[in-house]
Amino acid sequence: KDIIDVDVFIPGCPPTTDNIVAAITYLFTLVGEGPSSLDKNKCVCDNCDFFKEGCFLDKGKLCYGPITAAGCELMCPHEGDICFGCFKLTNKPSEKSKQLKQILEGVEELDAETGASLQHFLNLYLGASNITNFYFRGDLLQRLAYEPDSFKVKEIETEKGPKLILDVNPTGTNTIDEIVGTSLFLLKNDPYFKFSSKTPGGAIPIGNVFLIFIGLSVIYLIFTKKCQIVREFR
């Protein structure tokens, strides 16, 4: 018989209510439009007071603002902290995205602080769900935890010579994809990158079946409505 890869699974035997709610919540994020202040045609650097002087990247410290969409009113760099990419992909990365890429390419082995920084960035930037509750294979960070050997590896040229990264293209923007691929490659063998999905056993409550039905029905209606809008627009 043919064997196919599993795209989605909810851990637990049976899945708990928390796991099911987490799964449905995550699926809703896939069709969300983001906050009203979101501006994908700019990046965090465009509004950063430290772009010209005092930039974290100029000090050799990782900051993901150059590849993050603008619109965040909190502006973590102004509060003394780096941008971790909460507003996700920008259509126009800053010129400093190359600087971010070079810093990552210079990392030979992760320390605890850098590993935690990369994991937090990827968790926010890629829209990862809670890996203790729900696994979606399209979520690259979770896939790295569950199936680290399922990724292809590619070689890129850097200022310090050839370097291996994971071959991924979640954004379609080469510089950003290589930043993500480099981050994932570094985390692949990081001992601090761990997860847990332990859940208690027992009979599946009827309420959980109802949650699954309602959640999938609403998501289906959302996608159907969006497709209808696209057809009408065309």
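Residues in the sequence shown are numbered consecutively from 69, following the working numbering.
Beta carbons: idealized from backbone N, C-alpha and C, even for Gly.
- The beta carbons of S165 and T226 sit no closer together than 8 Å.
- Straight-line spacing of the CA atoms in L212 and K256 works out to 7 Å.
- Here the stretch 106-123 makes contact with the stretch 146-155; the two share three or more CB pairs at distances below 8 Å.
- When I171, C154 and A137 are compared, the shortest CA-CA separation from K127 is found for I171.
- DSSP places V236 in the coil class of the three-state scheme, outside both helix and strand.
- By the Cβ-count criterion, L142 is exposed, with fewer than 16 other Cβ atoms from all chains shown falling within 10 Å of its own Cβ.
- The beta carbon of N191 is closer than 8 Å to those of L209 in its chain, skipping five residues each way along the sequence.
- Closest option to K110, judged by alpha-carbon separation, among S251, P103, G122 and I135: I135.
- Counting other Cβ atoms within 10 Å of its Cβ, I78 reaches 16 or more and is therefore classed as buried.
- Residues F124 and C131 of the same chain have their beta carbon placed closer than 6 Å to that of I150, with the five preceding and five following residues left out of the count.
- Ranking V175, G229 and L234 by CA distance to the CA of P216 puts L234 first.
- About 6 Å separates the Cβ atoms of K231 and E173, confirming a contact at the 8 Å cut-off.
- Note: G229 is bridge-paired with T226 in the DSSP secondary-structure output.
- In the three-state reduction of the DSSP assignment, T182 falls in the helix class, which pools H, G and I.
- Of all alpha-carbon atoms in I247, L254 and E181, the one lying nearest the alpha-carbon of Y193 is that of I247.
- Take the alpha-carbon of P259 and the one of G133: they are about 27 Å apart.
- Going by beta carbons, Q187 and F253 fall outside the 8 Å limit.
- Going by DSSP, K166 is part of the alpha helix (DSSP H) stretching over S165 to E173.
- Between the C-alpha atoms of G206 and S218 there is a straight-line separation of about 12 Å.
- In this structure C81 is exposed. Its beta-carbon is surrounded by fewer than 16 other beta-carbon atoms within 10 angstroms.
- L106 carries a coil assignment under DSSP once its states are collapsed to helix, strand and coil.
- Taking the CA atoms as reference points, N237 sits about 12 Å from V221.
- Under DSSP, T136 shares a beta bridge with L157.
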